[in-house]
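In the UniProt record's numbering, the protein residues as written are 1 to 144.
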């Protein structure tokens, strides 16, 4: 009988060993599976972050190109305006006076006054009797 009890004890130990080893195998499998899932999530996150970085770089290049184009357009517009200004005829006022001695012509660098009293600092408080103001410059003149 003693021998049979020992055998039954051995069987019980073997069953416990089998249960223990199955638990160990299952634990290792679950741990591996969890690690693989974490790696997959990390790889998906890393792919997403790489994609986000690429999009950000493309966006920066796009905005830099927009700024460059805006600056170039402004420069082109300025050069066009300067070309148009140089193409315009330059107005040189010629004055003349008829006297008994003849007709005298002269030029001046004064531009025509748009309206009377337009050059006054405070037109509401000044009075000029509708006289056009003239700056004193030496004029060039010749007799015809």
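Cβ coordinates follow ideal geometry from the N, Cα and C atoms, glycine included.
Could you tell me whether the Cβ atoms of residue i and residue j are closer together than 8 Å?
i, j, result
"residue 106", "residue 95", "yes"
Using the Cα positions of residue i and residue j, report the straight-line distance between them to the nearest angstrom.
i, j, result
"residue 62", "residue 38", "36 Å"
"residue 77", "residue 85", "12 Å"
"residue 47", "residue 53", "10 Å"
"residue 26", "residue 50", "36 Å"
"residue 31", "residue 23", "12 Å"
"residue 56", "residue 29", "40 Å"
"residue 91", "residue 68", "38 Å"
"residue 41", "residue 33", "12 Å"
"residue 64", "residue 35", "43 Å"
"residue 101", "residue 83", "44 Å"
"residue 66", "residue 81", "22 Å"
"residue 104", "residue 71", "52 Å"
"residue 21", "residue 60", "58 Å"
"residue 43", "residue 58", "22 Å"
Measuring alpha carbon to alpha carbon, tell me which residue in the options is nearest residue i.
i, options, result
"residue 93", "43, 108 and 101", "108"
Buried or exposed: which applies to residue i, given that a residue is buried once 16 or more other Cβ atoms fall within 10 Å of its Cβ?
i, result
"residue 1", "Any reading at residue 1 is ruled out, since the residue's pLDDT is 47, under 50, leaving its predicted position unreliable."
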